[in-house]
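Shown next, in structure tokens, is the structure this report addresses.
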Amino acid sequence: MNHYQAVATKALALAAVLDPRVPDFDEARVHAWADCFAGRDIFEAEALQAVRDHYSQPNPWPILPGNVIDRVSRMPVNSSPERVKAFIARWSNYPYSNAIQQLTGLDWTPTYPAPPGIHGNLEAEREFHRREMRQWIADNALQLVQGALDNKNPVLALEQ
Numbered sequence: 005m006n007h008y009q010a011v012a013t014k015a016l017a018l019a020a021v022l023d024p025r026v027p028d029f030d031e032a033r034v035h036a037w038a039d040c041f042a043g044r045d046i047f048e049a050e051a052l053q054a055v056r057d058h059y060s061q062p063n064p065w066p067i068l069p070g071n072v073i074d075r076v077s078r079m080p081v082n083s084s085p086e087r088v089k090a091f092i093a094r095w096s097n098y099p100y101s102n103a104i105q106q107l108t109g110l111d112w113t114p115t116y117p118a119p120p121g122i123h124g125n126l127e128a129e130r131e132f133h134r135r136e137m138r139q140w141i142a143d144n145a146l147q148l149v150q151g152a153l154d155n156k157n158p159v160l161a162l163e164q
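Counted the way my numbering counts, the sequence shown spans residues 5 to 164.
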């Protein structure tokens with residue numbers, strides 16, 4: 005079972021408990037929901053919260069994958085450690101952006117000038133700074149995640 009299938013299974017199970025109109029889920033339904041979730045930052049905590057939020061509304065209709073996707077897309081990036089890690093991994097490709105620093109409160113600056121042999125070669129410098137940033141992320145992973153989780157104003161993390 006892949007990540008999205010596991011998330012779909014949990015979300016469907018909760019929906020079935022909360023709503024007798026939700027049909028018993030089977031492998032085909034799980035796969036269909038997982039296909040809808042694929043490629044998105046949807047993790048168990050967010051999916052389950054989306055289902056709870058949906059069924060906390062008066063007179064909700066039976067939930068569909070798009071309802072979960074929509075609700076999750078409006079959650080802040082620091083809604084779970086898994087979502088924070090995915091955000092950091094995505095933004096680690098952009099060493100000149102301060103998106104990670106804004107979310108986590110930790111500072112990182114690329115080394116200038118770049119080392120001899122790559123100084124002046126823009127592509128080589130960019131790759132050097134990517135590796136440098138990823139190493140900084142690896143060295144500070146716990147602090148970065150905690151900083152993001154503690155952020156009371158993530159501003160949907162630059163629209164993720």
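Idealized CB from N, CA, C, for every residue including glycine.
Original post:
Is DSSP giving W37 helix, strand or coil here?
Top reply: helix
Subject >> Spatially closest choice to L110 from V76, E129, V149, by CA coordinates >> reply: V149
**OP:** Determine the contact status of L153 and V81, defining contact as a CB-CB distance below 8 Å.
**Re:** no
Subject >> Selection from A145, I122, W65, A51 that minimises the alpha carbon distance to R25 >> reply: W65
**OP:** Measure from the alpha carbon of P99 to the alpha carbon of each residue in N144, E131, L52, then state which is nearest.
**Re:** E131
Subject >> Three-way DSSP call (helix, strand, coil) for R135 in this model >> reply: helix
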